[in-house]
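*Asks:* Residue numbers (our numbering): 121 to 561.
Each residue gets a CB set at the ideal place from its N, CA and C atoms; glycine is no exception.
In this text the structure is predicted, and so the values were computed from the model without any measurement.
Sharing a structure, written as structure tokens. Questions coming.
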């Protein structure tokens with residue numbers, strides 16, 4: 121009955137109001153007035169009923185609105201409490217990238233309060249590399265017409281740097297104009313640390329694998345290198361045993377050949393031994409000579425000559441000798457393998473304007489132009505039996521020594537690799553400084 125209240129009360133009220141006039145008129149002109157009065161009464165009651173219906177409808181609408189408002193308030197409060205309870209940061213920015221909304225989790229993530237962050241550009245809280253990554257991901261999504269993108273961000277929080285993962289939605293108005301973004305920031309420090317450990321482990325395994333592979337491939341040359349001095353030693357020992365003269369000269373030759381064997385074996389052990397990186401100030405020419413010594417016999421067996429062209433003065437760098445030897449051996453070995461019919465390899469080291477230029481030029485088959493850009497990528501190789509890890513490891517070692525690599529090649533004419541390193545003077549290290557950096561890989 122409540123929903124018909126207006127349609128009952130309003131006609132009754134109208135009837136009560138007009139009843140005295142209706143009775144009075146009926147008393148004066150009973151016959152002539154009764155038909156008109158009846159019609160008039162019906163019209164009035166109809167209008168009253170319609171007004172009552174309108175009243176009932178409005179009252180129902182108001183009740184629904186009040187109920188909806190109550191539900192909205194309950195939902196709004198619940199949503200607010202729910203959003204505020206999230207550990208993830210929920211955010212919104214305008215089309216310029218300024219924060220419009222941040223939930224309370226922002227303070228625990230960044231160390232900055234919500235009030236002092238609102239209105240600031242989002243780039244204020246991240247390092248430059250992350251900012252460039254976000255801009256690139258946004259531009260790619262915007263041009264492709266995608267509405268979502270994700271990015272890993274290094275956040276400059278007050279408690280220190282922190283890695284977060286951003287899921288971002290691009291917001292457009294009804295006309296299709298970009299008006300801002302909204303999304304979620306989640307901490308991924310544990311995941312990033314696990315990824316870094318995995319990358320470090322993979323690099324360490326790749327370096328060790330490359331070293332052992334190189335050592336195995338050098339086995340024939342090492343055997344030949346050791347056999348020659350052993351033959352000389354056995355010959356002179358026999359002469360001494362038979363009472364030959366000039367024994368002191370024999371001893372000198374014997375010890376010289378033993379030192380030669382020890383030098384080769386030490387180089388082989390250094391190559392295969394998995395040690396942590398130790399950065400020391402050394403003459404790069406000496407390390408290069410050691411690597412060439414280890415490979416010369418292997419080159420001769422393949423009818424290849426290695427030519428050295430160094431500056432006359434020592435060239436000091438700050439480097440891990442074991443790793444730089446690994447780079448040199450790997451690159452020279454690649455040059456040897458690229459010349460199945462023999463040829464020449466030119467190894468040059470010189471210093472200019474505070475930089476060390478180390479170049480290796482061969483007369484091998486060369487690298488196709490479409491493959492040149494991929495050289496150094498993990499698992500990419502032009503060899504039929506290669507793993508594609510050797511040069512990748514070398515490039516990482518060079519990069520961690522502050523160096524750069526440039527490769528030029530021409531088919532059937534050869535390949536040139538130029539490595540550029542900073543000298544000790546450029547980095548301003550003292551002469552007696554010996555700093556050890558462990559776990560470079």
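At what residues does the alpha helix (DSSP H) containing residue 405 begin and finish?
*Replies:* 404–421
*Asks:* Alpha carbon to alpha carbon, how far is residue 535 from residue 486?
*Replies:* In this structure, the alpha-carbon of residue 535 lies about 5 Å from that of residue 486.
*Asks:* If you drop the 5 nearest sequence neighbours on each side, which residues of the same chain put their C-beta closer than 8 Å to that of residue 477?
*Replies:* 468, 469, 470, 471, 538, 539 and 540
*Asks:* Starting from residue 258 and walking both ways along the alpha helix (DSSP H), at which residues does that stretch end?
*Replies:* 248–264
*Asks:* Are there 16 or more other CB atoms within 10 angstroms of the CB of residue 251, so buried, or fewer, so exposed?
*Replies:* buried
*Asks:* Would residue 241 pass as a contact of residue 256 if the rule is Cβ separation under 8 Å?
*Replies:* The answer is no: Cβ separation not under 8 Å.
*Asks:* Counting along the chain, where does the beta strand (DSSP E) carrying residue 449 start and finish?
*Replies:* From DSSP, residue 449 is part of no beta strand (DSSP E) but of the alpha helix (DSSP H) over 441–457.
*Asks:* Measure the CB-CB distance between residue 451 and residue 543 and report whether it falls below 8 Å.
*Replies:* no
*Asks:* Going by DSSP in three states, residue 222 sits in which element: helix, strand or coil?
*Replies:* Strand at residue 222.
*Asks:* What does a CB cutoff of less than 8 Å around residue 461 pick up in its chain, not counting 5 residues either side in sequence?
*Replies:* 423
*Asks:* So if DSSP puts residue 292 in a beta bridge, which residue, or which two residues, is it bridged to?
*Replies:* 298
*Asks:* Distance, Cα to Cα, residue 274 vs residue 236?
*Replies:* 20 Å
*Asks:* Locate the beta strand (DSSP E) running through residue 491, then write down its first and last residues.
*Replies:* Counting along the chain, residue 491 falls outside any beta strand (DSSP E), though it belongs to the alpha helix (DSSP H) covering 489–492.
*Asks:* What residue range is occupied by the uninterrupted beta strand (DSSP E) comprising residue 479?
*Replies:* Counting along the chain, the beta strand (DSSP E) containing residue 479 begins and ends at 475–482.
*Asks:* Identify every residue that forms a DSSP beta bridge with residue 270.
*Replies:* According to DSSP, which records beta bridges pairwise, residue 270 is partnered with 287.
*Asks:* Check whether the Cβ atoms of residue 377 and residue 353 lie closer than 8 Å to each other.
*Replies:* yes
*Asks:* Suppose contacts are defined by Cβ-Cβ distances below 8 Å. Is residue 446 in contact with residue 517 by that definition?
*Replies:* yes
*Asks:* When burial is assigned at 16 or more other CB atoms within 10 Å of the CB, is residue 317 buried or exposed?
*Replies:* exposed
*Asks:* At what residues does the alpha helix (DSSP H) containing residue 495 begin and finish?
*Replies:* Element bounds for residue 495: n/a, residue is neither H nor E.
*Asks:* Under a three-way DSSP split, which group does residue 398 fall into?
*Replies:* coil
*Asks:* Would you grab the beta carbon distance between residue 232 and residue 278 for me? Rounded to a whole angstrom, and I think it's under 8 Å.
*Replies:* 7 Å
*Asks:* Starting from the C-beta of residue 229, find all residues in its chain whose C-beta is less than 6 Å away, skip the five residues before and the five after it, and write them out in chain order.
*Replies:* 209
*Asks:* Buried or exposed: which applies to residue 523, given that a residue is buried once 16 or more other Cβ atoms fall within 10 Å of its Cβ?
*Replies:* Classified as buried, residue 523 has 16 or more neighbouring CB atoms from the shown chains inside 10 Å of its CB.
*Asks:* Using only alpha-carbon positions, find the residue among 314, 270 and 313 that is nearest to residue 302.
*Replies:* Of the listed residues, the one whose Cα sits closest to residue 302 is 270.
*Asks:* Below 7 Å, is the gap between the Cβ of residue 257 and the nearest heavy atom of the ligand GDP?
*Replies:* Absence of the ligand GDP from the depicted structure is noted, as is the absence of any ligand whatsoever, leaving it without description.
*Asks:* My output table needs one value for residue 113: the three-state DSSP class, helix, strand or coil.
*Replies:* Examination of residue 113 is not possible in this model, given that the chain is present from 121 through 561 alone.
*Asks:* Taking C-beta to C-beta, are residue 284 and residue 306 nearer than 8 Å?
*Replies:* yes
*Asks:* Which value, in whole angstroms, describes the spacing of the CA atoms of residue 162 and residue 169?
*Replies:* 10 Å
*Asks:* Nearest to residue 428 by alpha carbon, out of 441, 213, 479 and 286?
*Replies:* 479
*Asks:* Provide the residue span of the alpha helix (DSSP H) that contains residue 243, from first to last.
*Replies:* Residue 243 -> no alpha helix (DSSP H), and no H or E assigned at all.
*Asks:* With a threshold of 8 Å on Cβ separation, who are the neighbours of residue 475 within its own chain once the five nearest residues in sequence on each side are excluded?
*Replies:* 540, 541, 542, 543 and 546
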